[in-house]
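Top line first, the protein sequences correspond to chains A and B. With my numbering, letter number 401 in the first sequence gets 401, and the count goes up by one each step, no holes. With my numbering, letter number 263 in the second sequence gets 682, and the count goes up by one each step, no holes.
There are 2 protein chains.
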Amino acid sequence: EAPKNAFYAQSGGVTSVINASAAGVIETARNNKNKIGKVYAGRNGIIGALTEDLIDTSKESASAIKALRHTPAGAFGSCRYKLKSLEANRREYERLIEVFEAHNIGYFFYNGGGDSADTCHKVSMLSEKMGYPVQAIHVPKTVDNDLPITDNCPGFGSVAKYIAVSTREASFDVQSMAKTSTKVFVLEVMGRHAGWIAAAGGLASSEDTEIPIVILFPEVKFDQKKFLAKVDNMVKKHGYCSVVVSEGVQWPDGRFLAESDRKDAFGHAQLGGAATVIAEMVGNELGHKNHWAVADYLQRAARHIASKTDVDMAYAMGKASVQLAIKGHNAVMPTVDRISNKPFKWKVGMAPLSKVANVEKMMPKNFITTDGFGITKKCRDYMLPLIKGEDYPPYKDGLPKYVRLKNVAVPKKLKKFSV
Amino acid sequence: EAPKNAFYAQSGGVTSVINASAAGVIETARNNKNKIGKVYAGRNGIIGALTEDLIDTSKESASAIKALRHTPAGAFGSCRYKLKSLEANRREYERLIEVFEAHNIGYFFYNGGGDSADTCHKVSMLSEKMGYPVQAIHVPKTVDNDLPITDNCPGFGSVAKYIAVSTREASFDVQSMAKTSTKVFVLEVMGRHAGWIAAAGGLASSEDTEIPIVILFPEVKFDQKKFLAKVDNMVKKHGYCSVVVSEGVQWPDGRFLAESDRKDAFGHAQLGGAATVIAEMVGNELGHKNHWAVADYLQRAARHIASKTDVDMAYAMGKASVQLAIKGHNAVMPTVDRISNKPFKWKVGMAPLSKVANVEKMMPKNFITTDGFGITKKCRDYMLPLIKGEDYPPYKDGLPKYVRLKNVAVPKKLKKFSV
């Protein structure tokens with residue numbers, strides 16, 4: 001009997017290292033051809049599976065797949081498309097199984113965050129019921145770092161490094177201008193519900209390079225008076241101050257600082273603009289000249305300054321997913337299990353999807369200082385290893401050389417299906 | 420007779436490589452102790468000279484000065500403080516000469532842009548008149564790349580690299596999300612009057628990595644209808660599109676897209692917000708989901724991704740300034756003279772400050788495509804060599820190790836002077 005093929009798809013917001021996980025999946029499958037046939041990737045994520053738009057990754061050279069390790073974003077296309085509950089949309093789940101069966105797919109590798117873990121779990125359950133069992137493995141990925149059980153989520157370490165490095169650099173800039181010009185710099189970062197990314201701004205300050213930084217976490221209701229006093233105090237003491245504000249910061253009444261009516265495809269409120277609110281406030285109330293930046297996609301696409309630890313973990317999660325599948329596991333996710341901080345040691349673990357799906361890991365309370373504006377030593381000890389090491393991509397003519405795959409389509413066998 | 424001391428000051432907005440010029444000045448002076456005594460730096464730029472707040476750079480170790488080469492921002496502090504005309508403010512010019520005389524300073528190295536070149540020129544003229552001749556050398560620096568005569572301005576190449584790399588990375592991100600989510604990404608960049616920095620966004624697209632990019636230059640009056648048609652066309656053709664918008668883009672009536680009432684210390688209108696205007700327009704008029712980023716200080720502080728060419732030039736300009744002074748030159752600025760594009764070759768030249776001061780170099784018309792939204796091959800040929808090469812700083816615990824100097828004050832000899 002010929003080994004079953006595998007299906008791999010990228011889901012949700014991409015990261016600078018999700019392709020490293022893809023490389024881990026594909027290279028490991030290629031090294032186990034007696035167990036796994038071809039790896040088909042979904043064009044634009046799960047939509048590619050639903051519409052039978054599969055990419056034959058066997059058409060890609062070994063060097064192209066290797067180059068995925070240093071290429072940001074989703075090489076096969078990702079999507080924001082959440083499958084509804086089994087009751088509400090059995091049609092789509094059944095279609096997935098139909099496509100998998102038509103292409104002899106026995107392995108489902110889904111590379112995403114919490115929503116995707118849920119989908120992955122459901123596919124595993126339904127396939128069993130339908131008599132075409134598929135081994136579903138979730139490959140963890142999210143810059144939001146909010147998946148449970150795993151020590152951290154591939155994608156986070158690199159965003160954290162980008163934010164820490166950028167905050168340090170901009171702070172050096174402001175410090176040198178503060179005498180006559182800008183005294184407060186405001187950087188808006190991602191993180192809707194959890195302040196993991198904002199916390200990374202705090203890493204910019206270290207024992208040998210102290211920087212006055214005020215962090216605004218989504219976990220801490222915004223107290224304008226306390227905030228302004230803190231900033232003013234920092235400016236008086238140090239001459240300048242940097243503020244790192246999460247897009248998800250809320251007023252005491254629960255409205256976002258950056259409220260807008262726009263929603264993303266998952267129905268989450270789409271944010272942007274907290275930095276301008278904070279900058280104007282600092283200008284109007286304290287009279288301090290200020291500048292603001294919004295990092296937006298730059299932070300999660302910045303492969304040029306990715307964390308080596310993060311890249312290694314992302315690759316390892318992809319690799320482990322295939323190994324778990326080969327060992328016969330189903331409805332699981334490989335995890336990063338931390339063994340020790342100093343020296344930093346970790347190993348690959350495993351979590352059942354039933355315990356991963358739809359659980360959002362918040363920052364521990366003891367990661368935030370009691371005044372609500374900074375990170376504790378505990379947080380620093382947790383986060384520093386994740387930004388450690390550089391893993392520079394190759395360059396050509398001054399620009400990083402990122403790969404674009406051929407993405408050759410697998411011939412279709414089924415009727416059209418519209419999503 | 421003991422050799423005269425030198426005065427060095429950083430002026431205006433800092434860059435990721437202005438400290439490399441400082442290293443060039445100080446190391447070259449140290450290598451010529453028979454000609455130049457100590458190098459005193461102005462704390463917070465020219466204000467340090469006026470208030471006799473001088474920093475004794477001889478107190479810094481060789482390794483600290485060497486580390487300036489990889490440290491962004493202004494290590495001695497910069498300032499936005501423009502000396503008025505000689506007629507309007509003779510008091511300040513005379514004070515400068517008084518301070519120079521008190522500290523046996525015979526060389527004035529002023530590291531800045533157009534305004535500083537003007538000040539530098541005036542100091543040279545007045546010192547002669549006042550019978551205490553000072554050799555004034557302007558060390559070119561500005562991310563705006565708008566100084567005349569010199570091929571480019573140190574600081575620009577690194578911003579250009581940051582913008583090109585970031586635009587490429589964010590475009591990969593958008594491309595992979597475009598099927599169900601963001602189709603247009605908008606990045607706002609610096610450049611009040613000249614579109615040099617915005618043009619660098621065009622470098623993100625190359626022959627082997629084509630990316631649909633629309634650039635909005637301050638040189639081209641904003642034509643909303645044409646712009647929206649262009650973006651829509653790109654999205655239809657490629658599925659996505661990136662827009663790089665200069666903060667200085669204006670409506671046909673001359674108002675800035677990002678008009679605000681705030682002004683900087685030189686009286687220039689302070690901008691910020693063009694990206695939100697463009698993003699909202701794309702959303703409302705075309706219905707394309709979009710994201711926007713404002714790079715602000717991140718772009719000019721990003722030493723972690725500095726251009727090696729730029730770092731080398733910045734250092735060379737500092738070094739050449741001292742060499743020109745030793746040769747007896749006065750009221751001049753070293754320049755980058757381009758010899759050839761392929762292979763890229765350049766040498767150090769020299770320009771009289773009378774021809775540099777208050778002249779703003781705009782982008783040549785033939786650098787912008789006829790539709791006004793892109794860069795030509797001429798522009799690309801000019802700009803690509805400037806972003807070439809990487810010059811990574813050393814890292815510690817995942818963060819770049821930037822130096823902070825001791826900045827020991829020189830004992831004061833004069834009465835207090837208020838600015």
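By construction, the Cβ of each residue, glycine as well, lies at the ideal position given by its N, Cα and C atoms.
For I634(B), list the residues DSSP reports as bridge partners. Looking at the DSSP assignment, I634(B) forms a beta bridge with V663(B).
Can you tell me whether L405(A) is buried or exposed? The criterion is at least 16 other CB atoms within 10 Å of its CB, across all chains shown. Buried, by the Cβ-count rule.
Quick check on the burial criterion: 16 or more other C-beta atoms within 10 angstroms. Buried or exposed for T601(B)? By the 16-neighbour rule on beta-carbons within 10 angstroms, T601(B) is buried.
Alpha-carbon spacing of N826(B) relative to E479(B), whole angstroms: Cα to Cα, the separation comes out at about 8 Å.
Within 10 angstroms of its Cβ, does S396(B) collect 16 or more other Cβ (buried), or is it exposed? Residue numbering for chain B in the displayed model covers 420 to 838; residue 396(B) lies beyond these limits and cannot be assessed.
In its own chain, which residues sit with a C-beta less than 7 Å from the C-beta of A720(B), not counting the 5 before and 5 after it? Non-local C-beta neighbours of A720(B) in its own chain, meaning closer than 7 Å and more than five positions away in sequence, comprise S435, P491 and A492, ordered along the chain.
Test: L487(B) CB closer than 9 Å to a CB of chain A: Interface residue (Cβ-Cβ distance to chain A less than 9 Å): L487(B) is not classified as such.
Since A198(A) and F217(A) are thought to touch, with beta carbons under 8 Å apart, how far apart are those beta carbons, to the nearest angstrom? The pair is a contact, with the Cβ atoms about 5 Å apart (cut-off 8 Å).
Any idea which residues DSSP pairs V713(B) with across the strands? Per DSSP, the beta-bridge partners of V713(B) are V294(A) and E607(B).
Local conformation of G283(A) per DSSP, three classes: The answer is helix: DSSP assigns G283(A) an H, G or I state.
For chain A, find out if any of its Cβ atoms is closer than 9 Å to the Cβ of Y716(B); answer yes or no. Answer yes: the Cβ-Cβ gap between Y716(B) and chain A drops below 9 Å somewhere.
Can you have a look at D565(B) and say buried or exposed, based on whether 16 or more other CB atoms are within 10 angstroms of its CB? Under this definition D565(B) is a buried residue.
Would you say S732(B) reaches chain A, if we count a Cβ-Cβ gap shorter than 9 Å as a contact? Here residue 732(B) turns out to be Met, not Ser, going by the sequence shown. No Cβ of chain A is located within less than 9 Å of the beta carbon of M732(B).
Contiguous beta strand (DSSP E) assignments of at least 3 residues, all confined to the segment 307–372 of chain A: Given a length threshold of 3 residues, each whole run of the beta strand (DSSP E) inside the segment 307–372 of chain A is given here in chain order: 332–340 and 345–352.
C-beta neighbour in chain B for A73(A), strict 9 Å: At a cut-off of 9 Å between beta-carbon atoms, A73(A) makes contact with chain B.
Any C-beta of chain A sitting closer than 9 Å to the C-beta of R681(B)? Note on R681(B): pLDDT 47, under 50, position unreliable in the model; the coordinate value appears next. Yes, its Cβ sits closer than 9 Å to a Cβ of chain A.
Under the three-state reduction of DSSP, which class applies to E629(B): helix, strand or coil? Coil.
Would you verify that the beta carbon of W196(A) is, or is not, closer than 9 Å to some beta carbon of chain B? No, its Cβ sits nowhere closer than 9 Å to a Cβ of chain B.
For P3(A), which residues of its own chain have a beta-carbon under 6 Å away from its beta-carbon, when the five flanking residues on both sides are left out? The answer, listed in chain order, is K35, I36 and G37.
Could one say the Cβ of N341(A) lies closer than 9 Å to chain B's Cβ atoms, at least one of them? With 9 Å as the cut-off, N341(A) does not count as an interface residue toward chain B.
Can you tell me the Cα-Cα spacing of G256(A) and G658(B), whole angstroms? The residue you asked about is not Gly; residue 256(A) is Phe in the sequence shown. C-alpha separation (whole angstroms): 31 Å.
For D337(A), go through chain B and note every residue whose CB falls closer than 7 Å to its CB, in chain order. The contacting residues do not exist; D337(A) stays about 21 Å from chain B at best.
Bounding residues of the alpha helix (DSSP H) (the contiguous stretch that carries H657(B)): Residue range Q643 to H657 is occupied by the alpha helix (DSSP H) that includes H657(B).
Quick check on K825(B): does DSSP put it in helix, strand or coil? If DSSP states are grouped into helix, strand and coil, K825(B) belongs with coil.
With Q594(B) as the anchor, note down where its alpha helix (DSSP H) starts and where it stops. That run of the alpha helix (DSSP H) goes F575 to M596.
Grab the span of the alpha helix (DSSP H) containing I495(A) for me, first residue to last. No information on residue 495(A) is available, as it lies outside the stretch 1 to 419 that chain A covers here.
How long is the line joining the alpha carbons of N19(A) and M333(A), rounded to whole angstroms? Cα-Cα distance, rounded: 17 Å.
In whole angstroms, give me the CA-to-CA distance for R262(A) and N777(B). Low confidence applies here, because R262(A) scores a pLDDT of 47, under 50, leaving its location unreliable; read the following figure in that light. Distance between the alpha carbons of R262(A) and N777(B): 46 Å.
Separation of V311(A) from Q643(B), as counted between CA atoms: Cα-Cα distance, rounded: 42 Å.
At a Cβ threshold of 9 Å, is S120(A) touching chain B? Note that residue 120(A) corresponds to Cys in the displayed sequence, not to Ser. Judged by the 9 Å Cβ criterion, C120(A) is not in contact with chain B.
Flag P819(B) as yes if its beta-carbon sits less than 9 Å from any beta-carbon of chain A, otherwise no. Yes, its Cβ sits closer than 9 Å to a Cβ of chain A.
The segment 323–340 of chain A touching the segment 129–140 of chain A, judged by at least three CB pairs closer than 8 Å: Taking one beta carbon from each stretch, the segment 323–340 of chain A and the segment 129–140 of chain A have 3 or more pairs nearer than 8 Å; the two touch.
First through last residue of the beta strand (DSSP E) which encompasses G531(B): The continuous beta strand (DSSP E) containing G531(B) extends over residues I524 to G531.
Got a sec: is the Cβ-Cβ distance from L384(A) to anything in chain B below 9 Å? Chain B, which has a Cβ nearer than 9 Å to the Cβ of L384(A), makes this yes.
How do the segment 500–520 of chain B and the segment 462–482 of chain B stand: do at least 3 beta-carbon pairs fall below 8 Å, yes or no? The answer is yes - the segment 462–482 of chain B touches the segment 500–520 of chain B, with three or more Cβ pairs under 8 Å.
Around the Cβ of N785(B), are there at least 16 other Cβ atoms within 10 angstroms (buried) or fewer (exposed)? With fewer than 16 neighbouring CB atoms inside 10 Å of its own CB, N785(B) falls in the exposed class.
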